[in-house]
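> Residue numbers (the UniProt record's numbering): 1 to 274. Even glycine gets a Cβ: it sits at the ideal position worked out from N, Cα and C. Mind having a look at this structure? Questions to follow.
Encoded structure:
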C-alpha cells in the first residue's frame with residue numbers, strides 16, 4: 001500500500017491519555033505519522049504540546065471547540081489522498097487494519113467502508129483477539145453498514161456529495177447527515193470483518209458536547225437536526241424500523257456462521273455481540 005494512497009485524521013478535545021494510546025497503537029502497527037493530520041479543538045490538558053512533538057503530517061490548532069464536522073473537514077483538506085480515514089481518537093487499531101480496510105473496499109467496489117469493532121473496557125488482549133477475528137471474519141461484510149467511529153472515504157465521495165456540514169451545534173449529528181447524503185447518491189458502503197478496532201466509547205465527542213452545553217438542549221437540537229434530513233416523522237420511523245430489521249439480520253447471520261458478529265460490547269468481562 002503506497003503511503004500517499006491514504007491520509008488519516010481525527011479531532012481532539014483534551015483526553016490526552018486516549019489520544020496517546022491511539023497514536024501508540026498506530027505506530028505499533030506501522031502507520032506513517034506523516035500521513036496523519038490531527039485537529040485540536042481548544043485542548044487545555046497538554047494535548048497540543050504532545051501532538052507537536054510527534055512529527056505529524058499536519059497539526060491544526062483551533063482556538064475553540066468548533067465541533068467534529070469542522071475539524072474533520074479541516075483534516076481531510078489539509079492532507080488530501082485517494083482514501084481519507086476519518087476516525088475517533090479514543091480507539092486502538094490492530095495489525096493490518098488499514099491495509100485490510102482499503103483492500104476490502106477496492107475488491108468490493110465500495111467508496112465508504114468501516115471496520116468491525118469492540119466497544120467498552122479494554123479488559124482483554126485486543127491484539128490477539130483482532131488478529132484471530134480479522135482472519136476468521138475476513139469475508140464478513142455488512143453491505144450498507146457504516147459507522148463514524150472510523151470510516152475510510154474515497155476521494156470521489158467528496159466530489160459527489162461534498163464534505164461534512166461545518167455547523168458546530170450539529171456536534172454528534174454530522175455523520176448522520178453525511179451518511180444520509182451518501183445514501184441518496186447511491187454511494188456503496190459497508191462494514192468489514194477484515195479490519196478491527198477497539199473503541200472506548202466516544203470519549204472526545206462526549207467532552208465536546210459537554211463543553212458546548214449540548215446535552216441540556218438535546219431535545220431541541222435533535223428536532224433541529226431532524227429537519228435537515230427533510231423527512232417526515234413517519235418516514236423517519238419507518239427508516240428506523242428498517243435499520244433495526246437489517247441489524248438483526250446481520251446479527252443472526254454472522255452469529256450463526258462465525259459464532260460472533262462485527263460489533264461486540266464488553267460487558268462483565270465477556271463479549272455481547274450486537
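DSSP has residue 117 in a bridge; who is on the other side?
Here residue 117 refers to the residue found at position 117 when the chain shown is read from its first residue. According to DSSP, which records beta bridges pairwise, residue 117 is partnered with 197, 263.
> Report, in whole angstroms, the separation of the C-beta atoms of residue 60 and residue 40, which I expect to be a contact under 8 Å.
Counting from one through the chain shown, the residue named residue 60 turns up at place 60. Counting from one through the chain shown, the residue named residue 40 turns up at place 40. Sure, about 7 Å apart at Cβ, within 8 Å.
> Using the Cβ count rule (16 or more neighbours within 10 Å means buried), how would you classify residue 142?
Numbered from 1 along the chain shown, position 142 holds the residue referred to as residue 142. Residue 142 should be labelled buried.
> Taking 8 Å as the cut-off, does the stretch 186-200 touch the stretch 101-112 (at least 3 CB pairs, one atom from each stretch)?
In short, these stretches touch, since the Cβ pair count reaches three.
> Within 8 Å, do at least three Cβ pairs link the stretch 89-98 to the stretch 161-172?
Touching, no, given that fewer than three Cβ pairs across the two stretches are closer than 8 Å.
> To the nearest angstrom, report how far apart residue 179 and residue 84 are at their CA atoms.
To locate residue 179, count along the chain shown from 1; it is residue 179. To locate residue 84, count along the chain shown from 1; it is residue 84. If I take the Cα positions, the gap works out to 15 Å.
> Rounded to whole angstroms, what is the Cα-Cα separation between residue 100 and residue 170?
Locating residue 100 in the chain shown gives position 100, where the first residue counts as 1. Locating residue 170 in the chain shown gives position 170, where the first residue counts as 1. Going from the Cα of residue 100 to the Cα of residue 170 covers about 31 Å.
> Roughly how many whole angstroms lie between the Cα atoms of residue 8 and residue 90?
Along the chain shown, one-based indexing puts residue 8 at 8. Along the chain shown, one-based indexing puts residue 90 at 90. Those two C-alpha atoms are separated by around 14 Å.
> For residue 32, name the three-state secondary structure that DSSP assigns.
Here residue 32 corresponds to residue number 32 of the chain shown, with the count starting at 1. DSSP places residue 32 in coil when its eight states are reduced to three.
> Taking DSSP as the reference, what is the three-state secondary structure of residue 69?
Reading the chain shown from its first residue, position 69 is the one you call residue 69. Note: residue 69 maps to helix in three-state DSSP.
> Where residue 17 and residue 177 are concerned, what is the direct C-alpha to C-alpha distance, given to the nearest angstrom?
Stepping through the chain shown from its first residue, residue 17 is reached at position 17. Stepping through the chain shown from its first residue, residue 177 is reached at position 177. Near 30 Å, if we compare the C-alpha coordinates of residue 177 and residue 17.
> Can you find the residues in the same chain that come closer than 6 Å, C-beta to C-beta, to residue 217, ignoring five residues on each side of it along the sequence?
What you label residue 217 is simply residue 217 of the chain shown in a count that begins at 1. With a pLDDT of only 46 at residue 217, under 50, the local geometry of the prediction cannot be trusted, and the value read off the model is given with reservation. Once the five neighbours on either side are set aside, residue 217 has no close Cβ partner at all.
> What three-state label does DSSP hand residue 124 in the structure shown?
As a working note, residue 124 is residue 124 in the chain shown. In the structure shown, residue 124 sits in coil (DSSP, three-state: anything other than H, G, I, E or B).
> Does the distance from the C-beta atom of residue 34 to that of residue 57 stay below 9 Å?
Position 34 of the chain shown holds residue 34. Position 57 of the chain shown holds residue 57. In this structure, residue 57 lies closer than 9 Å to residue 34 by Cβ.
> When the Cα atoms are used, what is the spatial distance from residue 245 to residue 131?
Stepping through the chain shown from its first residue, residue 245 is reached at position 245. Stepping through the chain shown from its first residue, residue 131 is reached at position 131. Spanning the two alpha carbons is a distance of roughly 30 Å.
> Using the Cα positions of residue 139 and residue 250, report the straight-line distance between them to the nearest angstrom.
Residue numbering aside, residue 139 sits at position 139 when the chain shown is read from its first letter. Residue numbering aside, residue 250 sits at position 250 when the chain shown is read from its first letter. Roughly 13 Å separates the two Cα atoms.
> DSSP beta-bridge partners for residue 241?
Numbered from its first residue, the chain shown carries residue 241 at position 241. For residue 241, which the question treats as bridged, DSSP gives no partner whatsoever.
> In the DSSP assignment, find the unbroken beta strand (DSSP E) run with residue 8 in it and report its ends.
Residue mapping note: residue 8 aligns to position 8 of the chain shown, counting from 1. Taken as a continuous stretch (DSSP letters only), the beta strand (DSSP E) holding residue 8 covers 6-12.
> Name the one or two DSSP bridge partners that residue 154 has.
Here residue 154 corresponds to residue number 154 of the chain shown, with the count starting at 1. Answer is 83.
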